[in-house]
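My numbering puts the sequence shown at residues -18 to 320. Glycine is no exception: its CB is placed at the ideal position from the N, C-alpha and C atoms. Computed from a prediction, not measured in an experiment: that's the story for all the values here. Comments concern the structure below.
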Amino acid sequence: MTTPTSPYTLPRLDGQRVLVTGGLGFIGSNLAHRCLSLGAEVTIYDCLDPRSGGNMQNVASIKNDVHIVLNDVRNFEGISAAVLDKDIVFNCAAYTSHPNAMKEPFVDVDVNCKGVLNVLEALRRFSADAKLVHIGTSTQIGAMKYSPIDENHPEMPVDIYSANKSASEKYVLVYAHAYRLRNTVVRLANVYGPRSNIRSSDFGFMNFFIGLGLKGKDITIFGEGKQLRTISFIDDCVDALILSAETPAMDRDVYFAVSDQQYSVKEVGEAIAQHVGGKVRFIEWPKNREVIEVGDAVISNAKIRGAVGWEHKTSLESGLLKTKEYFEPRMKHYMDLAL
Ligand SMILES: NC(=O)c1ccc[n+]([C@@H]2O[C@H](COP(=O)([O-])OP(=O)(O)OC[C@H]3O[C@@H](n4cnc5c(N)ncnc54)[C@H](O)[C@@H]3O)[C@@H](O)[C@H]2O)c1
């Protein structure tokens, strides 16, 4: 593996036909914005599941420039039609809440396993030359057995969402190897930033804390908040996903695209209080959260850095300020949803 010495530059995507499943959600919509700005022709495929971070506001400024298909990855005919003639497919559609997946395990397996199989079968049958970038999650790992976690670390997920994400990642790799599809898995961890779901604690802790900070409320940390987390800013993650799409040497493999910086949950809460708003308050662990808590998670990005020179560029302070700047004038679109 060679280690590029210069920082990466993002390729242009002029003329490329890009499909973003889950493109109304946090990561998918940021990808759609960036792909469009790089010259791609963008189609979003999303069912706007009210239990997810999907939000039409995420695409308000680009809705006339992208093609939006309101449909479900559980619908094989729908996703098959959507992958036709695409050059790149970013698979961001998912049932994304750890606690909801524990309550509704059958929905989770339908979306996060069968839905992914639908995308894979559709590609194999109708668009086998397309590049697929599938998003995995660091929580597939479970408790850390050695530090830092790398792509060879064993996976022992502690909740249904993470178990199904682990299984579906393997489907992506099985199809890649068995049918020579151009699939890459990029695993992310605790992504924060503009267009995230800031209204519910059922998703990432950090975006919920940002929502509390924006409203000037107490940022409620379970226990002492000492557990370490690798947190990443959305723009850097989007860069990693686009680089993965455009780098054939990354086909049929798995990469962690995460920041180098680890913070305790308490430090994250304090940084949000300082740069966004609100005040840190410590509360007791709720039982349903304690059982799916994995402790410290420290992750290496050496593999993707070696492959494409990707690095996480955004400091915590700058990421929080950009997030605040995005949300402040748009709070009503993110907080007052009639669910
Ligand atoms: N946000 C993070 O910190 C993080 C970390 C690791 C991995 N990931 C992964 O990134 C991907 C995107 O997550 P996100 O944070 O943007 O979540 P999100 O909830 O904001 O977006 C998910 C999108 O998928 C759509 N969707 C849900 N079920 C669907 C279905 N059946 N058919 C079509 N669309 C459907 C939703 O409507 C929503 O727009 C997921 O695969 C998630 O597992 C996210």
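- For ligand 1, a non-hydrogen atom lies closer than 7 angstroms to the CB of Ile8.
- The beta carbons of Leu(-9) and Cys16 sit no closer together than 8 angstroms.
- Inter-residue distance for Ala159 and Arg105 is about 10 angstroms (C-alpha atoms, whole angstroms).
- Distances taken from the Cβ of Asn282 to the heavy atoms of ligand 1 include none shorter than 7 angstroms.
- In the DSSP assignment, the residues bridged to Ile25 are Val1 and Ile49.
- Rounded to the nearest angstrom, the gap between the Cα atoms of Glu132 and Gly117 is 11 angstroms.
- In the DSSP annotation of this structure, the continuous segment of the alpha helix (DSSP H) that includes Gln255 starts and ends at Val246 to His256.
- One thing to note: Leu209 has its Cβ within 8 angstroms of the Cβ of Ala278.
- By the C-beta density criterion, Glu205 is exposed, having fewer than 16 other C-beta atoms within 10 angstroms.
- Contact annotation, Gly250 with Val261: C-beta distance approximately 5 angstroms; criterion of less than 8 angstroms satisfied.
- In the assembly as shown, Trp291 is a buried residue. Its beta-carbon has 16 or more other beta-carbons within 10 Å.
- Within the DSSP secondary-structure output, Lys260 pairs in a beta bridge with Asp199.
- Judged by beta-carbon spacing, Val47 lies within the 8 angstroms limit of Val40, meaning their Cβ atoms are closer than that value.
- Taking 7 angstroms as the cut-off, the C-beta of Thr295 does not count as close to any heavy atom of ligand 1.
- Burial state of Val64 is buried, judged by a 10 Å Cβ sphere holding 16 or more other Cβ atoms.
- No Cβ-Cβ contact shorter than 8 angstroms links Phe57 with Asn11.
- In this structure Val272 is exposed. Its beta-carbon is surrounded by fewer than 16 other beta-carbon atoms within 10 angstroms.
- If the five residues before and after Ala13 are omitted, its C-beta is found closer than 7 angstroms to the C-beta atoms of Val1, Gly4, Val23, Ile25, Val40, Ile43 and Val47, all from its own chain and listed in chain order.
- In this structure the segment 212 to 222 lies against the segment 173 to 189, because at least three pairs of beta carbons, one per stretch, are closer than 8 angstroms.
- Arg286 carries a helical assignment under DSSP once its states are collapsed to helix, strand and coil.
- Taking 7 angstroms as the cut-off, the C-beta of Arg55 counts as close to a heavy atom of ligand 1.
- For the pair Ser61 and Asn81, the Cα-to-Cα distance works out to about 28 angstroms.
- When DSSP reads this structure, Leu169 sits in a beta bridge with Thr118.
- In this structure Phe214 touches Gly300 by the C-beta definition: roughly 4 angstroms separates them, less than 8 angstroms.
- By the Cβ neighbour-count rule, Met316 is exposed, with fewer than 16 other Cβ atoms within 10 Å of its own.
- For Ser225, the secondary structure class from DSSP, reduced to helix, strand or coil, is helix.
- Within the segment 132 to 184, the complete alpha helix (DSSP H) segments of 4 residues or longer fall at 141 to 159, listed in chain order.
- Look at Ser213 here: in three-state DSSP terms it is strand.
- In terms of side-chain proximity, the C-beta atom of Gly174 is found no nearer than 7 angstroms to any non-hydrogen atom of ligand 1.
- When only Cα atoms are considered, Phe87 and Leu113 end up about 25 angstroms apart.
- With contacts defined as CB atoms closer than 8 angstroms, Ile200 and Ala254 qualify as a contacting pair.
- Contact between Arg(-2) and Asp68 is confirmed by a C-beta separation of about 5 angstroms, below the 8 angstroms threshold.
- Excluding five sequence positions before and after Phe184, the CB atoms of its chain that fall closer than 7 angstroms to its own CB belong to Gly34, Thr77, Ser78 and Asn178, given in chain order.
- Each of Pro135, Arg180 and Asn93 was checked against the Cα of Val54, and the nearest Cα belongs to Asn93.
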